[in-house]
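K.L.:
Can you read through this structure? Questions will come right after.
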Amino acid sequence: MPENLFKNVGDLVGDFEESPVQEIESLCMDCEKMGVTRMLLTMIPYFKEVVVMSFKCDHCGNINSEIQSAGEIQQRGSLHTVHVTSPEDLDRQIVKSEHATVSFLEYELTVPEGRGQLTNIEGVIRDTIRDLSMNQPLRKVLDVEVYNKINHLLSRLRGAVGASDDEYNPEIVDGPTSSIEDKNRADESHDALPFTAFTVQVRDPSGNSFVSFKESPNDPKWSIRAFKRTHEENVALRLANEEDKPQENVKQVAGLSDSDEITADEVLQFPGICSSCAKDSPTNMKKVNIPYFQDILIMSTNCEHCGFKDNEVKSGGAIPEKGKRITLKVEDEEDLSRDILKSEHAGLSIPDINLVLEPGTLGGRFTTLEGLLAQVYEDLSTKAFIGDSAIDTQAGDSGLIGSTQMQEFDKFLTQLKTVMTAAKPFTVIIDDPLSSSYIQNFNAPEPDEQILIEEYERTHQQNDDLGLTQMKTENY
Numbered sequence: 001m002p003e004n005l006f007k008n009v010g011d012l013v014g015d016f017e018e019s020p021v022q023e024i025e026s027l028c029m030d031c032e033k034m035g036v037t038r039m040l041l042t043m044i045p046y047f048k049e050v051v052v053m054s055f056k057c058d059h060c061g062n063i064n065s066e067i068q069s070a071g072e073i074q075q076r077g078s079l080h081t082v083h084v085t086s087p088e089d090l091d092r093q094i095v096k097s098e099h100a101t102v103s104f105l106e107y108e109l110t111v112p113e114g115r116g117q118l119t120n121i122e123g124v125i126r127d128t129i130r131d132l133s134m135n136q137p138l139r140k141v142l143d144v145e146v147y148n149k150i151n152h153l154l155s156r157l158r159g160a161v162g163a164s165d166d167e168y169n170p171e172i173v174d175g176p177t178s179s180i181e182d183k184n185r186a187d188e189s190h191d192a193l194p195f196t197a198f199t200v201q202v203r204d205p206s207g208n209s210f211v212s213f214k215e216s217p218n219d220p221k222w223s224i225r226a227f228k229r230t231h232e233e234n235v236a237l238r239l240a241n242e243e244d245k246p247q248e249n250v251k252q253v254a255g256l257s258d259s260d261e262i263t264a265d266e267v268l269q270f271p272g273i274c275s276s277c278a279k280d281s282p283t284n285m286k287k288v289n290i291p292y293f294q295d296i297l298i299m300s301t302n303c304e305h306c307g308f309k310d311n312e313v314k315s316g317g318a319i320p321e322k323g324k325r326i327t328l329k330v331e332d333e334e335d336l337s338r339d340i341l342k343s344e345h346a347g348l349s350i351p352d353i354n355l356v357l358e359p360g361t362l363g364g365r366f367t368t369l370e371g372l373l374a375q376v377y378e379d380l381s382t383k384a385f386i387g388d389s390a391i392d393t394q395a396g397d398s399g400l401i402g403s404t405q406m407q408e409f410d411k412f413l414t415q416l417k418t419v420m421t422a423a424k425p426f427t428v429i430i431d432d433p434l435s436s437s438y439i440q441n442f443n444a445p446e447p448d449e450q451i452l453i454e455e456y457e458r459t460h461q462q463n464d465d466l467g468l469t470q471m472k473t474e475n476y
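Quick note on full-length UniProt numbering: the sequence shown kicks off at 1 and runs consecutively.
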């Protein structure tokens, strides 16, 4: 059997016969004299093998450290999301490859790609504070407005890690571009801000980054999602050539008439207005055929000005006379890959965990069951941990009530994480009064014993809510 060079950190520490650290004499890039590079081959629990390296030059004092993945680039990228709701969450370990970016959503801050690191959330924040503070004296002279904005951000970051006022704490200064808001921020910068919840995302196109969870992957504050890399990301990873970019059949139109035919092999693009920043933002539309169901239209908007994204699904055809209720018995992980079309009028429920989504929640979605559950988790967890309810738990008597509710919600999210991995069987029910929803049948065109489809007569209230009672179709 070949020797296992990548051992667990605990096994390496317990081995006193031979040092697990390898030392190699190497050239210092600053003084061009010889320094020492130390390498440690180890394995991160629940992750993979990595190489931890550090360099030190005794001649000029140059030091450097980084981490590299010892495995291959993964088939898909990875997106880790962690809701940091207490100072204890700052200790979560982060393995950041050289291709990864770290984003703090509430601060609107993204740390760009750089050297690989083995650190924790607090370490990333402190490194960011140090890097942003380095050029503050120069900004103070050249651009007062930028200086004040970065200083305000530094104050918030110091509050996140509990840094003292003496750590990287430049003062707000008055200048030709300063305002009353900037002066109010000056008072903030001189006092340590209280800890507030925030969200951290580590996005790695190579799939070789990792953020640790607490106890198990069912940690309600932690989630991971795999995504398909873009052509630009494949080029950056040297997996594709820039010239090999697939040609998109995009047709720009000013509007559609009854005589225009939408084909499945082209993307229509028409002008629109971003609902977030009110600037011009085109909308893409594509027709998709769902086998053994019907054609649908997928519409997507991605604003280049503010980054706002939105997508929705529209189904075609006449309004059916009856509604439809689809029940899926999920037995294993394979069922999570079933395609699901949830129309904007459909409600969704999972009785096993008492989850009920009213019609209109999440809008129209065409995704997999796994993707739909991930979207539900993301929306609920963000509102629970980062929304007003998370802040209210710190105040007075109402905080006691909020804390109890948060514990119950934390328990519910843990159950939802169990459902997301199909750890045990559960049932998904989609109730659509317009019969425009769909769950993929693995045995099509034959019936699937795990899917039960029931048709029912809509109630007068449902017809009224859908605007069908006032609809006139005769002699129109």
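Ideal Cβ positions, reconstructed from N, Cα and C, are used throughout, including at glycine.
Is it buried or exposed, Thr-393, if we count other Cβ atoms within 10 angstroms and call 16 or more buried?
P.N.:
No answer about Thr-393 holds up, because its pLDDT of 38 lies below 50 and its placement is not dependable.
K.L.:
Mind checking which residues open and close the alpha helix (DSSP H) that includes Arg-126?
P.N.:
Note, Arg-126: alpha helix (DSSP H), 121-134.
K.L.:
Helix, strand or coil for Thr-230 per DSSP?
P.N.:
Coil.
K.L.:
Can you tell me where the alpha helix (DSSP H) holding Asp-464 begins and where it ends?
P.N.:
Where Asp-464 is concerned, the enclosing alpha helix (DSSP H) stretches over 460-465.
K.L.:
Beta carbon of Ile-451, beta carbon of Leu-348: below 8 Å?
P.N.:
Contact flag unset, no.
K.L.:
Using CA atoms only, rank isn't needed, just tell me which of Leu-328, His-345, Gly-467 is closest to Arg-338.
P.N.:
Checked all of Leu-328, His-345, Gly-467; the closest Cα to Arg-338 is Leu-328.
K.L.:
Measuring straight from C-alpha to C-alpha, what distance separates Ser-212 and Ile-94?
P.N.:
Between Ser-212 and Ile-94, the C-alpha separation is close to 7 Å.
K.L.:
By Cβ distance, which residues of its chain are closer than 6 Å to Ser-65, with the 5 residues on each side in sequence left out?
P.N.:
Answer for Ser-65: Ser-54, listed in chain order.
K.L.:
Helix, strand or coil for Gln-22? Go by DSSP, reduced to three states.
P.N.:
The answer is strand: DSSP assigns Gln-22 an E or B state.
K.L.:
Let's test the definition: count the other Cβ atoms within 10 Å of the Cβ of His-83 and tell me whether it reaches 16, buried, or not, exposed.
P.N.:
With 16 or more other Cβ atoms within 10 Å, it is buried.
K.L.:
Please classify Glu-108 as buried or exposed, where buried requires at least 16 other C-beta atoms within 10 Å of its C-beta.
P.N.:
Glu-108 comes out exposed.
K.L.:
Starting from Glu-455, trace the beta strand (DSSP E) both ways and give me its first and last residue.
P.N.:
Per DSSP, Glu-455 belongs to the beta strand (DSSP E) from 451-456.
K.L.:
Just to confirm before moving on: does the CB-CB distance between Glu-98 and Gly-116 stay below 8 Å?
P.N.:
Yes. Within cutoff.
K.L.:
Using DSSP with H/G/I as helix, E/B as strand and the rest coil, what is Asn-302?
P.N.:
In this structure, Asn-302 counts as strand in the three-state DSSP scheme.
K.L.:
Under DSSP, the beta strand (DSSP E) around Leu-355 begins and ends at which residues?
P.N.:
Start and end: 355-357.
K.L.:
Roughly how many angstroms lie between the CA atoms of Glu-243 and Gly-77, to the nearest whole one?
P.N.:
Whole-angstrom Cα-Cα distance: 22 Å.
K.L.:
Taking all protein chains shown into account, do 16 or more other C-beta atoms lie within 10 angstroms of the C-beta of Leu-239, making it buried, or fewer, making it exposed?
P.N.:
Result: exposed.
K.L.:
Considering just the uninterrupted stretch of the beta strand (DSSP E) at Ile-340, what are its terminal residues?
P.N.:
Element bounds for Ile-340: 339-342.
K.L.:
Could you please give the first and the last residue of the uninterrupted alpha helix (DSSP H) stretch that includes Lys-149?
P.N.:
Segment 144-161, the alpha helix (DSSP H) holding Lys-149.
K.L.:
So the beta strand (DSSP E) Glu-333 belongs to, where does it begin and stop?
P.N.:
Careful: Glu-333 lies outside any beta strand (DSSP E) and carries neither H nor E.
K.L.:
From Ile-298, Asn-289, Ser-275, Ser-276, pick the residue whose C-alpha is nearest to that of Leu-268; which is it?
P.N.:
With distances taken between Cα atoms, Leu-268 lies closest to Ile-298.
K.L.:
Taking only beta-carbon atoms, is Lys-314 less than 8 Å away from chain C?
P.N.:
No chain C is part of this structure, which consists of one protein chain only.
K.L.:
Less than 8 Å between the C-beta atoms of Ile-73 and Ser-209, yes or no?
P.N.:
Cβ distance not < 8 Å, so Ile-73 and Ser-209 don't count as in contact.
K.L.:
Considering only C-alpha positions, which residue in the set Thr-459, Gly-364, Thr-418 is nearest to Tyr-438?
P.N.:
The shortest C-alpha separation from Tyr-438 is found at Gly-364.
K.L.:
Please classify Ser-216 as buried or exposed, where buried requires at least 16 other C-beta atoms within 10 Å of its C-beta.
P.N.:
Looking at its Cβ environment, which holds fewer than 16 other Cβ atoms inside 10 Å, Ser-216 is exposed.
K.L.:
Just reading off the beta strand (DSSP E) that Ile-430 is part of, what are its end residues?
P.N.:
426-432 is the span of the beta strand (DSSP E), which, as asked, contains Ile-430.
K.L.:
Note down the Cα distance separating Gly-35 from Ile-63, rounded to an integer number of angstroms.
P.N.:
Approximately 9 Å between the Cα atoms of the pair.
K.L.:
Output needed for Phe-385: all residues of its chain with C-beta closer than 7 Å, excluding positions within five of it in sequence on either side, in chain order.
P.N.:
Same-chain partners within the cutoff: His-83, Thr-85, Ala-197, Lys-221.
K.L.:
Taking 6 Å as the limit between beta carbons, can you name the residues of its chain near Lys-286, skipping five residues before and five after?
P.N.:
Same-chain partners within the cutoff: Val-267, Ile-298.
K.L.:
For residue 499 versus Ser-281, is the C-beta distance shorter than 8 Å?
P.N.:
Residue 499 is absent from the model: the chain starts at 1 and stops at 476.
K.L.:
Hey, could you find the ends of the beta strand (DSSP E) Gln-440 is sitting in?
P.N.:
Element bounds for Gln-440: n/a, residue is neither H nor E.
K.L.:
Rounded to whole angstroms, what's the CA-CA distance from Ala-226 to His-460? Just pull it up for me.
P.N.:
If I take the Cα positions, the gap works out to 43 Å.
K.L.:
Between His-152 and Thr-301, what straight-line distance do the alpha-carbon atoms span, to the nearest angstrom?
P.N.:
About 32 Å.
K.L.:
Please confirm whether Pro-320 and Leu-434 have their CB atoms less than 8 Å apart.
P.N.:
Taking 8 Å as the Cβ cut-off, Pro-320 and Leu-434 qualify as a contacting pair.
K.L.:
Might you give, ordered along the chain, the residues of its own chain that have their beta carbon closer than 6 Å to the beta carbon of Cys-57, omitting 5 neighbours on each side?
P.N.:
Closer than 6 Å at Cβ, skipping near neighbours: Cys-28, Gly-35.
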